[in-house]
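Notes to accompany the following structure.
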Amino acid sequence: MKKSFMLGLILLVLTFSLAGCSNSITNRQTESSNAEKTQAIPPASKASQANKEGKNALVVYFSLPETTNPDHMTKEESNSTVIIDGKVLGNTQYVAYLIQANTGADLFRIEPKTPYPTEHKKLVTLAKEEQQNKVRPALAANVENLDQYKVVFLGYPNWWGDMPMVVYSFLESHDLSGKTIIPFNTHGGSGFSNTINTIAALQPKATIVKNGFSVSRDTVQNCAEDVASWVKELKY
Ligand SMILES: Cc1cc2nc3c(=O)[nH]c(=O)nc-3n(C[C@H](O)[C@H](O)[C@H](O)COP(=O)(O)O)c2cc1C
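Residue numbers in the sequence shown follow this note's numbering, run continuously in steps of one, and reach 320 at the last position.
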């Protein structure tokens, strides 16, 4: 009974959040992971009052899962992904979904017009070149009706000790003045690096929440409860 109730709630959330994914979250297939995870994205009905209270929150994120195939992943592919019932999500994408489930916020995925390669070596080389050359990749789309949002959760992976350049493109083409920006990121050991200060410099008229959520790619698959408590603390 309890099991089928939980199953129903989870299905409901995933219908909205993951467009067709089914109902349980399994562990990312890292070499070290041997336990199947049974955590789930919290039901949307538990969403905080963000939108109801007229705070109108948006979760903006960039994420690059290095494969969409859940089988036979390389180490690099498994490092950048979380698997939900056979469906592959990027690490930051997964955290973005958790924030959405806890807040009821809208979701916007930052995507470059020209997709990044998913082949690891090509990706790290290109990312480094973009950083060195201060490239601003063109965005595939912009946020519409930005005015309606007062709170913007902004998520990205740590790339070469910084934000991916496409996140700079986003921040330089969207005016977040007067809004509250709440950063979150995933990483392989570097945490946020100096990105919180960079965001503050790029959006000087926004309020930047300093206690953003940062999680290692090694533990991201277990972070659902941490995300929920962090969001609760923020009162969004
Ligand atoms: C191009 C590139 C550069 C990276 N540089 C760093 C780094 O400097 N420090 C770090 O901790 N992790 C680094 N990582 C690891 C990612 O931050 C980590 O795998 C992240 O969780 C990926 O998130 P995603 O799946 O949402 O894209 C890098 C990954 C890539 C692909």
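Glycine is no exception: its CB is placed at the ideal position from the N, C-alpha and C atoms.
Answer with buried or exposed for residue i, where buried requires no fewer than 16 other C-beta atoms within 10 angstroms of its C-beta.
i    : result
A224 : exposed
P221 : buried
V304 : buried
A285 : exposed
E309 : exposed
S261 : exposed
P196 : buried
Q287 : buried
Quickly, what does DSSP pair residue i with across the bridge? List them, please.
i    : result
V172 : I167
G239 : Y145, F268
P196 : L223
T291 : T264
Roughly how many whole angstroms lie between the Cα atoms of residue i and residue j?
i    : j    : result
N281 : I168 : 33 Å
S117 : T176 : Here the model assigns S117 a pLDDT of 34, short of 50, so the residue's position is not dependable, and the following value carries that caveat. S117 and T176: Cα-Cα distance of roughly 19 Å.
Y240 : F268 : 7 Å
G272 : K234 : 31 Å
S106 : G170 : With a pLDDT of only 29 at S106, under 50, the local geometry of the prediction cannot be trusted, and no value is derived from it.
T151 : P199 : 13 Å
T122 : N153 : Interpretation of T122 is limited by its pLDDT of 31, a score under 50 that renders its predicted location unreliable; the figure taken from the coordinates is listed afterwards. The alpha-carbon atoms of T122 and N153 are separated by roughly 21 Å.
F146 : K319 : 24 Å
F237 : T158 : 31 Å
Would you mind working out which of the options sits nearest residue i, comparing C-alpha positions?
i    : options                : result
L191 : K316, E203, E214, A141 : A141
P149 : G275, S164, V143, M157 : S164
W243 : A211, K319, N229, N226 : A211
E256 : N226, D310, D246       : N226
I194 : M249, F276, V144       : V144
V251 : L182, S274, I283, A312 : I283
N295 : N186, N306, T264       : T264
Taking 7 Å as the cut-off, is the CB of residue i close to at least one heavy atom of ligand 1?
i    : result
T282 : no
L191 : no
Exercise. Could you please go through the chain and list the residues whose beta-carbon is closer than 6 Å to any non-hydrogen atom of ligand 2?
Key: As for ligand 2, it is missing from this structure, which binds only ligand 1.
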